[in-house]
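Asks: Provided herewith is a single structure, encoded as C-alpha coordinates, for subsequent inquiry.
In mature numbering (1 follows the signal peptide of the UniProt record, and there is no 0), the protein residues as written are -23 to -1, 1 to 304.
Shown next, in the form of C-alpha coordinates:
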(Lines of atoms letter the chains of each structure in order from A and count residues from 1; the text may use other names and numbers.)
(Lines give C-alpha, C1' and ligand atoms only; values in the text may rest on other atoms or scores of the structure.)
Protein backbone atom coordinates (compact mmCIF):
# COMPACT_ATOMS: atom_id res chain seq x y z
CA UNK A 1 0.00 0.00 0.00
CA UNK A 2 2.78 2.41 0.91
CA UNK A 3 4.71 1.98 -2.33
CA UNK A 4 1.61 2.43 -4.44
CA UNK A 5 0.42 5.63 -2.75
CA UNK A 6 3.91 7.09 -2.82
CA UNK A 7 4.11 6.55 -6.55
CA UNK A 8 0.70 7.98 -7.37
CA UNK A 9 1.45 11.28 -5.63
CA UNK A 10 3.90 12.33 -8.33
CA UNK A 11 3.00 10.33 -11.44
CA UNK A 12 0.07 12.60 -12.24
CA UNK A 13 2.30 15.68 -12.53
CA UNK A 14 4.75 14.19 -15.04
CA UNK A 15 4.22 14.98 -18.69
CA UNK A 16 5.62 12.55 -21.26
CA UNK A 17 7.13 15.21 -23.54
CA UNK A 18 9.04 16.64 -20.62
CA UNK A 19 10.46 13.26 -19.71
CA UNK A 20 11.67 12.66 -23.25
CA UNK A 21 13.43 16.02 -23.34
CA UNK A 22 15.18 15.74 -19.99
CA UNK A 23 18.95 15.60 -20.31
CA UNK A 24 21.13 13.79 -17.76
CA UNK A 25 18.02 12.40 -16.09
CA UNK A 26 17.70 8.82 -14.89
CA UNK A 27 14.82 6.76 -13.61
CA UNK A 28 15.18 5.30 -10.15
CA UNK A 29 15.81 1.60 -10.32
CA UNK A 30 18.46 -0.78 -9.04
CA UNK A 31 21.02 1.81 -7.95
CA UNK A 32 23.30 0.50 -5.22
CA UNK A 33 24.79 2.79 -2.59
CA UNK A 34 28.45 2.61 -1.63
CA UNK A 35 30.67 4.59 0.73
CA UNK A 36 33.23 4.74 -2.12
CA UNK A 37 30.78 6.04 -4.71
CA UNK A 38 32.64 9.35 -5.25
CA UNK A 39 36.12 7.87 -4.81
CA UNK A 40 37.14 8.77 -8.36
CA UNK A 41 34.63 11.40 -9.43
CA UNK A 42 34.76 13.63 -6.33
CA UNK A 43 37.32 12.29 -3.84
CA UNK A 44 37.11 15.41 -1.65
CA UNK A 45 33.33 15.29 -1.27
CA UNK A 46 33.21 14.21 2.37
CA UNK A 47 35.98 16.61 3.36
CA UNK A 48 34.14 19.51 1.72
CA UNK A 49 30.88 18.68 3.49
CA UNK A 50 32.61 18.32 6.86
CA UNK A 51 34.50 21.58 6.37
CA UNK A 52 31.39 23.63 5.61
CA UNK A 53 29.50 22.00 8.45
CA UNK A 54 32.32 22.78 10.90
CA UNK A 55 32.64 26.39 9.73
CA UNK A 56 28.95 27.20 9.34
CA UNK A 57 27.25 25.02 11.93
CA UNK A 58 29.70 23.82 14.57
CA UNK A 59 27.84 22.62 17.64
CA UNK A 60 25.00 25.12 17.37
CA UNK A 61 21.28 24.68 16.84
CA UNK A 62 21.68 24.58 13.06
CA UNK A 63 23.21 21.11 13.42
CA UNK A 64 19.94 19.69 14.74
CA UNK A 65 18.10 21.58 11.97
CA UNK A 66 20.18 19.83 9.30
CA UNK A 67 19.53 16.45 10.93
CA UNK A 68 15.80 17.15 10.94
CA UNK A 69 15.90 17.98 7.23
CA UNK A 70 17.26 14.51 6.49
CA UNK A 71 14.52 12.81 8.49
CA UNK A 72 11.76 14.82 6.84
CA UNK A 73 13.24 14.12 3.42
CA UNK A 74 13.58 10.35 3.81
CA UNK A 75 10.09 9.84 5.21
CA UNK A 76 8.47 11.31 2.09
CA UNK A 77 9.37 9.64 -1.23
CA UNK A 78 12.57 8.27 0.26
CA UNK A 79 15.93 10.03 0.55
CA UNK A 80 15.75 12.04 -2.67
CA UNK A 81 16.23 15.67 -1.51
CA UNK A 82 12.64 16.46 -2.50
CA UNK A 83 12.22 18.43 0.75
CA UNK A 84 14.71 20.98 -0.60
CA UNK A 85 12.70 21.89 -3.70
CA UNK A 86 11.10 25.33 -3.89
CA UNK A 87 7.72 26.06 -5.41
CA UNK A 88 4.16 26.88 -4.32
CA UNK A 89 3.26 23.19 -4.01
CA UNK A 90 6.56 22.02 -2.51
CA UNK A 91 6.93 19.80 0.53
CA UNK A 92 8.25 22.82 2.42
CA UNK A 93 4.72 24.17 2.69
CA UNK A 94 3.20 21.15 4.37
CA UNK A 95 2.33 21.90 7.99
CA UNK A 96 5.01 19.67 9.60
CA UNK A 97 7.69 21.29 7.42
CA UNK A 98 6.86 24.95 7.99
CA UNK A 99 9.34 25.11 10.86
CA UNK A 100 12.21 23.47 8.96
CA UNK A 101 15.45 25.44 8.73
CA UNK A 102 18.98 24.66 7.61
CA UNK A 103 18.36 25.07 3.87
CA UNK A 104 21.05 27.73 3.57
CA UNK A 105 23.68 25.38 4.99
CA UNK A 106 22.82 22.71 2.43
CA UNK A 107 22.99 25.32 -0.34
CA UNK A 108 26.42 26.42 0.88
CA UNK A 109 27.71 22.84 0.87
CA UNK A 110 26.30 22.21 -2.59
CA UNK A 111 27.91 25.39 -3.97
CA UNK A 112 31.30 24.31 -2.61
CA UNK A 113 30.92 20.87 -4.18
CA UNK A 114 29.92 22.36 -7.53
CA UNK A 115 33.14 24.36 -7.56
CA UNK A 116 35.24 21.26 -6.88
CA UNK A 117 33.41 18.64 -8.95
CA UNK A 118 30.50 20.06 -10.97
CA UNK A 119 27.30 18.09 -11.53
CA UNK A 120 28.56 15.12 -9.53
CA UNK A 121 27.36 15.00 -5.90
CA UNK A 122 23.60 14.84 -5.40
CA UNK A 123 21.74 17.01 -2.93
CA UNK A 124 20.37 13.81 -1.38
CA UNK A 125 23.91 12.69 -0.61
CA UNK A 126 24.71 16.15 0.76
CA UNK A 127 21.85 15.75 3.23
CA UNK A 128 23.03 12.29 4.26
CA UNK A 129 26.63 13.40 4.82
CA UNK A 130 25.70 16.67 6.53
CA UNK A 131 23.40 14.81 8.94
CA UNK A 132 26.19 12.42 9.91
CA UNK A 133 28.52 15.37 10.51
CA UNK A 134 25.84 17.24 12.48
CA UNK A 135 25.44 14.32 14.88
CA UNK A 136 29.19 13.97 15.29
CA UNK A 137 29.68 17.72 15.86
CA UNK A 138 27.16 17.55 18.69
CA UNK A 139 29.13 14.78 20.40
CA UNK A 140 27.35 11.81 18.86
CA UNK A 141 28.61 8.83 16.87
CA UNK A 142 29.95 8.78 13.33
CA UNK A 143 29.51 6.18 10.61
CA UNK A 144 30.32 5.42 6.98
CA UNK A 145 27.60 6.89 4.78
CA UNK A 146 26.63 4.82 1.72
CA UNK A 147 26.46 7.23 -1.24
CA UNK A 148 25.08 7.33 -4.75
CA UNK A 149 21.58 8.70 -4.18
CA UNK A 150 19.93 10.76 -6.88
CA UNK A 151 17.67 13.79 -6.56
CA UNK A 152 14.00 13.58 -7.49
CA UNK A 153 12.78 16.14 -10.00
CA UNK A 154 9.43 16.47 -8.27
CA UNK A 155 8.32 17.12 -4.70
CA UNK A 156 5.47 15.24 -3.10
CA UNK A 157 2.08 16.89 -2.80
CA UNK A 158 1.49 18.88 0.38
CA UNK A 159 -1.29 16.65 1.72
CA UNK A 160 0.73 13.53 0.98
CA UNK A 161 3.74 15.00 2.79
CA UNK A 162 1.70 15.82 5.89
CA UNK A 163 0.21 12.33 5.93
CA UNK A 164 3.58 10.59 5.81
CA UNK A 165 5.44 12.47 8.54
CA UNK A 166 5.18 11.51 12.23
CA UNK A 167 3.02 13.79 14.34
CA UNK A 168 3.51 15.10 17.85
CA UNK A 169 0.55 13.17 19.27
CA UNK A 170 0.93 9.89 17.38
CA UNK A 171 0.51 6.81 19.54
CA UNK A 172 2.96 3.92 19.51
CA UNK A 173 0.90 1.82 17.15
CA UNK A 174 0.78 4.60 14.57
CA UNK A 175 4.52 5.19 14.85
CA UNK A 176 5.37 1.51 14.46
CA UNK A 177 3.10 1.30 11.40
CA UNK A 178 4.59 4.42 9.79
CA UNK A 179 8.17 3.27 10.35
CA UNK A 180 7.28 -0.24 9.27
CA UNK A 181 5.89 1.01 5.97
CA UNK A 182 9.38 2.36 5.29
CA UNK A 183 11.13 -0.87 6.21
CA UNK A 184 12.15 0.33 9.67
CA UNK A 185 11.37 -1.86 12.70
CA UNK A 186 10.54 -0.98 16.31
CA UNK A 187 14.22 -0.99 17.27
CA UNK A 188 14.95 1.51 14.50
CA UNK A 189 12.04 3.63 15.70
CA UNK A 190 13.38 3.70 19.24
CA UNK A 191 16.95 4.48 18.20
CA UNK A 192 16.05 7.11 15.61
CA UNK A 193 13.73 8.86 18.07
CA UNK A 194 16.90 9.55 20.04
CA UNK A 195 17.57 12.34 17.54
CA UNK A 196 15.30 14.30 19.85
CA UNK A 197 18.16 14.47 22.31
CA UNK A 198 18.90 17.73 20.47
CA UNK A 199 16.62 20.39 19.06
CA UNK A 200 13.46 22.13 20.18
CA UNK A 201 9.74 22.02 19.55
CA UNK A 202 7.03 24.67 19.46
CA UNK A 203 4.30 25.07 22.04
CA UNK A 204 1.58 23.93 19.64
CA UNK A 205 3.27 20.53 19.37
CA UNK A 206 3.40 19.74 23.09
CA UNK A 207 0.41 21.73 24.38
CA UNK A 208 -1.92 18.73 24.45
CA UNK A 209 0.60 16.74 26.46
CA UNK A 210 1.16 19.29 29.21
CA UNK A 211 -2.53 20.14 29.60
CA UNK A 212 -3.78 16.59 29.31
CA UNK A 213 -6.26 17.31 26.51
CA UNK A 214 -5.13 14.58 24.12
CA UNK A 215 -6.74 11.17 23.86
CA UNK A 216 -3.24 9.79 23.34
CA UNK A 217 -1.63 11.39 26.41
CA UNK A 218 0.71 9.34 28.57
CA UNK A 219 2.00 9.76 32.10
CA UNK A 220 3.75 13.06 32.64
CA UNK A 221 5.75 14.29 35.60
CA UNK A 222 3.61 17.04 37.24
CA UNK A 223 6.54 19.37 37.90
CA UNK A 224 7.75 19.00 34.32
CA UNK A 225 4.27 19.83 33.00
CA UNK A 226 4.08 22.89 35.25
CA UNK A 227 7.41 24.26 34.02
CA UNK A 228 6.36 23.84 30.40
CA UNK A 229 3.01 25.55 31.05
CA UNK A 230 4.84 28.71 32.08
CA UNK A 231 5.89 29.33 28.51
CA UNK A 232 3.02 27.57 26.72
CA UNK A 233 -0.48 28.81 27.59
CA UNK A 234 -3.50 26.57 26.98
CA UNK A 235 -4.36 28.45 23.79
CA UNK A 236 -3.25 31.32 21.62
CA UNK A 237 0.39 30.56 20.86
CA UNK A 238 1.37 29.15 17.51
CA UNK A 239 4.35 29.16 15.17
CA UNK A 240 7.68 29.55 16.91
CA UNK A 241 6.18 30.61 20.25
CA UNK A 242 6.93 28.71 23.44
CA UNK A 243 9.87 26.73 22.10
CA UNK A 244 11.18 24.11 24.50
CA UNK A 245 14.04 21.59 24.27
CA UNK A 246 13.22 17.95 23.72
CA UNK A 247 15.97 17.02 26.16
CA UNK A 248 15.90 19.05 29.35
CA UNK A 249 19.29 17.80 30.57
CA UNK A 250 21.75 18.30 27.70
CA UNK A 251 19.76 19.92 24.86
CA UNK A 252 22.81 20.69 22.69
CA UNK A 253 24.67 17.43 23.17
CA UNK A 254 23.93 14.28 21.22
CA UNK A 255 23.76 11.73 24.03
CA UNK A 256 21.31 9.33 25.71
CA UNK A 257 19.74 11.84 28.13
CA UNK A 258 16.56 11.81 26.01
CA UNK A 259 15.84 8.26 27.15
CA UNK A 260 16.40 9.12 30.81
CA UNK A 261 13.86 11.92 30.35
CA UNK A 262 11.35 9.37 29.06
CA UNK A 263 11.94 7.08 32.04
CA UNK A 264 11.25 10.08 34.29
CA UNK A 265 8.03 10.77 32.30
CA UNK A 266 9.48 14.02 31.02
CA UNK A 267 9.19 13.38 27.28
CA UNK A 268 8.17 16.62 25.58
CA UNK A 269 5.81 15.14 22.99
CA UNK A 270 3.20 12.43 23.35
CA UNK A 271 4.99 10.64 20.51
CA UNK A 272 8.22 10.73 22.55
CA UNK A 273 6.69 9.37 25.73
CA UNK A 274 4.90 6.68 23.72
CA UNK A 275 8.21 4.79 23.58
CA UNK A 276 8.11 4.36 27.36
CA UNK A 277 4.49 3.73 28.21
CA UNK A 278 4.24 0.15 29.39
CA UNK A 279 4.97 -1.33 25.98
CA UNK A 280 7.54 -3.84 24.82
CA UNK A 281 9.90 -0.98 23.98
CA UNK A 282 10.36 0.02 27.64
CA UNK A 283 13.34 -2.31 28.07
CA UNK A 284 15.07 -0.83 25.03
CA UNK A 285 14.53 2.70 26.34
CA UNK A 286 16.06 1.64 29.67
CA UNK A 287 19.03 0.09 27.89
CA UNK A 288 19.71 3.20 25.82
CA UNK A 289 19.24 5.39 28.88
CA UNK A 290 21.92 3.48 30.78
CA UNK A 291 24.34 2.76 27.91
CA UNK A 292 25.25 5.68 25.67
CA UNK A 293 27.49 3.50 23.50
CA UNK A 294 24.67 1.05 22.79
CA UNK A 295 22.43 3.95 21.78
CA UNK A 296 25.13 5.40 19.53
CA UNK A 297 25.73 2.10 17.76
CA UNK A 298 22.05 1.43 17.14
CA UNK A 299 21.40 5.02 16.08
CA UNK A 300 24.19 4.87 13.50
CA UNK A 301 22.87 1.56 12.12
CA UNK A 302 19.34 2.93 11.93
CA UNK A 303 20.51 6.10 10.18
CA UNK A 304 22.19 4.02 7.48
CA UNK A 305 19.03 1.93 7.15
CA UNK A 306 16.81 5.00 6.92
CA UNK A 307 19.23 6.60 4.47
CA UNK A 308 18.80 3.61 2.15
CA UNK A 309 15.08 4.30 1.61
CA UNK A 310 14.85 4.92 -2.16
CA UNK A 311 12.46 7.10 -4.14
CA UNK A 312 9.46 5.27 -5.64
CA UNK A 313 10.21 3.01 -8.59
CA UNK A 314 10.05 5.00 -11.81
CA UNK A 315 10.60 8.39 -10.19
CA UNK A 316 12.65 10.60 -12.57
CA UNK A 317 15.90 11.52 -10.83
CA UNK A 318 19.04 13.49 -11.54
CA UNK A 319 21.94 15.26 -9.84
CA UNK A 320 20.59 18.77 -9.28
CA UNK A 321 22.95 21.67 -9.83
CA UNK A 322 20.97 23.73 -7.30
CA UNK A 323 19.23 21.91 -4.48
CA UNK A 324 16.16 24.15 -4.52
CA UNK A 325 15.19 23.50 -8.14
CA UNK A 326 15.30 20.81 -10.79
CA UNK A 327 17.77 21.23 -13.63
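For each residue, glycine too, the CB sits at the ideal point set by N, CA and C.
Residue 108 to residue 246, Cα distance in whole Å?
Replies: Here residue 108 refers to the residue found at position 131 of the chain shown. Here residue 246 refers to the residue found at position 269 of the chain shown. Approximately 23 Å, taken between the alpha carbons.
Asks: Considering residue 293, what are the terminal residues of the beta strand (DSSP E) in which it resides?
Replies: Within the chain shown, numbered from 1, the residue matching residue 293 stands at position 316. 293 to 295 is the extent of the beta strand (DSSP E) around residue 293.
Asks: Residues in the same chain with beta-carbon distance under 6 Å from residue 228, minus the five sequence neighbours each way, listed in chain order, please.
Replies: Here residue 228 corresponds to residue number 251 of the chain shown, with the count starting at 1. Taken in chain order, the residues that qualify are 222.
Asks: Measure the C-alpha to C-alpha separation of residue 209 and residue 293 and round it to an integer number of angstroms.
Replies: To locate residue 209, count along the chain shown from 1; it is residue 232. To locate residue 293, count along the chain shown from 1; it is residue 316. Rounded to the nearest angstrom, the two C-alpha atoms are 44 Å apart.
Asks: Report the residue ranges of all alpha helix (DSSP H) runs contained in full by the segment 30 to 113; include only those spanning at least 4 residues, in chain order.
Replies: Correct list: 38 to 51 and 80 to 93.
Asks: Tell me whether the beta-carbon of residue 29 lies closer than 9 Å to the beta-carbon of residue 86.
Replies: Taking the chain shown and counting its residues from 1, the one referred to as residue 29 is at position 52. Taking the chain shown and counting its residues from 1, the one referred to as residue 86 is at position 109. Going by C-beta atoms, residue 29 is nearer than 9 Å to residue 86.
Asks: For residue 72, does the count of other Cβ atoms within 10 angstroms reach 16, so buried, or fall short, so exposed?
Replies: Position 95 of the chain shown, counting from 1, holds the residue named residue 72. It is exposed - the Cβ of residue 72 has fewer than 16 other Cβ atoms within 10 Å.
Asks: Only counting runs of 4 or more residues, tell me where the alpha helix (DSSP H) segments fall wholly within the segment 156 to 207, in order along the chain.
Replies: As far as the segment 156 to 207 is concerned, its whole alpha helix (DSSP H) runs of at least 4 residues are 163 to 169, 180 to 188 and 199 to 206.
Asks: Can you give me the start and stop residues for the alpha helix (DSSP H) that residue 290 sits inside?
Replies: One-based indexing of the chain shown puts residue 290 at position 313. Looking at the DSSP string, residue 290 is not in any alpha helix (DSSP H), and its letter there is neither H nor E.
Asks: Using 10 angstroms around the beta-carbon of residue 196, count the other beta-carbons present and answer buried if the total reaches 16, otherwise exposed.
Replies: Here the question's residue 196 lines up with position 219 in the chain shown. Exposed: under 16 other Cβ atoms inside 10 Å.
Asks: Do residue 198 and residue 241 have their C-beta atoms within less than 9 Å of each other?
Replies: The sequence position of residue 198 within the chain shown is 221, counting from 1. The sequence position of residue 241 within the chain shown is 264, counting from 1. A contact, by the Cβ cut-off of 9 Å.
Asks: Over the uninterrupted alpha helix (DSSP H) stretch that includes residue 269, give me the two end residues.
Replies: Reading the chain shown from its first residue, position 292 is the one you call residue 269. It spans 269 to 284 - the alpha helix (DSSP H) in which residue 269 sits, taken as one unbroken run.
Asks: Who are the near neighbours of residue 139 in its chain, counting only those whose CB is closer than 7 Å to its CB and skipping five residues on each side?
Replies: Within the chain shown, numbered from 1, the residue matching residue 139 stands at position 162. Only 71, 72 and 73 meet the Cβ criterion.
Asks: To the nearest angstrom, how far is it from the Cα of residue 90 to the Cα of residue 25?
Replies: Locating residue 90 in the chain shown gives position 113, where the first residue counts as 1. Locating residue 25 in the chain shown gives position 48, where the first residue counts as 1. Spanning the two alpha carbons is a distance of roughly 7 Å.
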